[in-house]
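Going by numbering that gives the first Met the number 0, the residue at position 83 of the sequence shown is 82; the numbering climbs one at a time, nothing skipped.
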Amino acid sequence: MSYSSVVAAALSGASLRQLSYWRSAQSSEGPLLAPTLHVPGSRASYSFQDVVALRTFVYLRARGVPLQRVRKAVAKLRDLGETNHLSSYQLIAVGKDVAWVSSDESAVDLTGRPGQQVIAEMVDILGAFDGPRRRDVVPLHQPKPGVAVDPEVRGGYPVIEGTRVPFDLIAALLDDGVAAEDVASFYPSVPPYAARGAREFARYVDAYRERLPA
Numbered sequence: 000m001s002y003s004s005v006v007a008a009a010l011s012g013a014s015l016r017q018l019s020y021w022r023s024a025q026s027s028e029g030p031l032l033a034p035t036l037h038v039p040g041s042r043a044s045y046s047f048q049d050v051v052a053l054r055t056f057v058y059l060r061a062r063g064v065p066l067q068r069v070r071k072a073v074a075k076l077r078d079l080g081e082t083n084h085l086s087s088y089q090l091i092a093v094g095k096d097v098a099w100v101s102s103d104e105s106a107v108d109l110t111g112r113p114g115q116q117v118i119a120e121m122v123d124i125l126g127a128f129d130g131p132r133r134r135d136v137v138p139l140h141q142p143k144p145g146v147a148v149d150p151e152v153r154g155g156y157p158v159i160e161g162t163r164v165p166f167d168l169i170a171a172l173l174d175d176g177v178a179a180e181d182v183a184s185f186y187p188s189v190p191p192y193a194a195r196g197a198r199e200f201a202r203y204v205d206a207y208r209e210r211l212p213a
């Protein structure tokens, strides 16, 4: 399965407007991130790897790194022969510059003094972190209690933890009036706390759709 723009936004902390701009090919530099699963002429579809890369961009922008410098960092990686998906690289902010954590012991400046070794604080992009507008970016692997994101399960689409049941299916049951304690009558593997977590995550996703227009 793939992520729609709104689910990718909710899991990455980016706005729908940012996603649209970052995948746009209208810029002279081309798209910052072309969604892996996107088919021209259809709605944008993102992969798990795309979302990891998007979280990196959100982290950098929230720390005041200019977008042009983010683009420069990506271009420098390519100049260095690093052509893997951007999710393969740990990019961190060093002041207003971007460094690539190339190993556990070293980081390479990509935008200030390209190629120079720098001292940098390690950051876990997959964990929770402070995003833009003082809004927390949720942990990627467990965005809400009982909800899990695992690239090996449904391509990373959010599901009930320990199952393959999509979160939105359970959230819809609760919205239809089914009590969290009664969800097990339909899906025995879904405990009440996970059903509540699914509804909480669904509302969190809806908030991105409502507050952050494309």
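Note that CB positions come from ideal geometry on N, CA and C, so glycine has one too. On a predicted model such as this, the values are computed, not experimentally measured, just so you know.
Among the options, nearest to residue i - alpha-carbon criterion
i	options	result
Lys71	Gly111, Ser46, Val177, Arg16	Gly111
Gln67	Tyr88, Leu31, Thr82, Ala201	Leu31
Leu142	Ala170, Tyr203, Pro187	What sits at residue 142 in the sequence shown is Pro, not Leu. Checking every option, the nearest Cα to that of Pro142 belongs to Tyr203.
Ser102	Ala206, Ser87, Asp181	Ser87
Tyr20	Phe56, Phe47, Ser46, Gln48	Phe56
Asp49	Ser1, Pro131, Thr82, Leu90	Ser1
Gly80	Gly114, Phe47, Ile118	Gly114
Gly94	Ala206, Glu120, Ala171	Glu120
Nearest-angstrom Cβ-Cβ length linking residue i and residue j, presumed shorter than 8 Å
i	j	result
Gly145	Ala193	3 Å
Val69	Arg208	Going by Cβ atoms, the distance from Val69 to Arg208 rounds to 25 Å, so no, they are not a contact pair.
Contacts around residue i, its chain only, beta-carbon distance under 8 Å, and the 5 residues preceding and following it disregarded
i	result
Arg214	Nothing in the structure corresponds to residue 214, since the chain is present only between 0 and 213.
Leu125	Val51, Arg54, Pro138, Leu139, His140
Glu151	none
Val164	Val158, Tyr186, Ser188, Val189
Ile169	Ile159, Val182, Tyr186, Val189, Ala193, Ala194, Ala197, Arg198
Same chain only: Cβ atoms within 6 Å of residue i, ignoring 5 sequence neighbours per side
i	result
Ala92	Leu59, Arg62, Val64
Gln116	Ser105
Glu199	Lys143
Val122	Ile91
Gln89	Val100
Gly196	Lys143, Pro144, Gly145, Val146
Ser3	none
Lys75	Leu109, Pro113
Ile214	Look at the range of the chain in this structure, 0 to 213, and you will see that residue 214 is not part of it.
Residues near residue i in its chain [Cβ-Cβ closer than 7 Å; skip 5 each side]
i	result
Val73	Leu31, Leu85
Asp135	Ala127, Asp129
Asp167	Ala201
Leu173	Ala179, Ala194, Arg198
Phe47	Pro150, Gly154, Gly155
Thr82	none
Asp205	none
Val177	none
Whether residue i touches residue j by CB criterion (9 Å)
i	j	result
Ala158	Leu10	Note that residue 158 corresponds to Val in the displayed sequence, not to Ala. No, they are not a contact pair.
Pro191	Ala179	yes
Ser188	Gly161	yes
Asp96	Asp108	yes
Ala98	Tyr45	no
Pro131	Gly40	no
Residue-level contact to chain D via CB, residue i, 9 Å cutoff
i	result
Ser41	The structure shown contains no chain D; it holds only a single protein chain.
Sequence ranges, beta strand (DSSP E) only - wholly within the stretch 41-66, length at least 3: none
Ordered list of alpha helix (DSSP H) runs contained in the stretch 134-199, each at least 4 residues: 166-174
Inside the stretch 79-127 only - beta strand (DSSP E) runs reaching at least 3 residues: 89-93, 96-100, 106-108
3 or more residues per run - each beta strand (DSSP E) lying fully within the stretch 0-32: none
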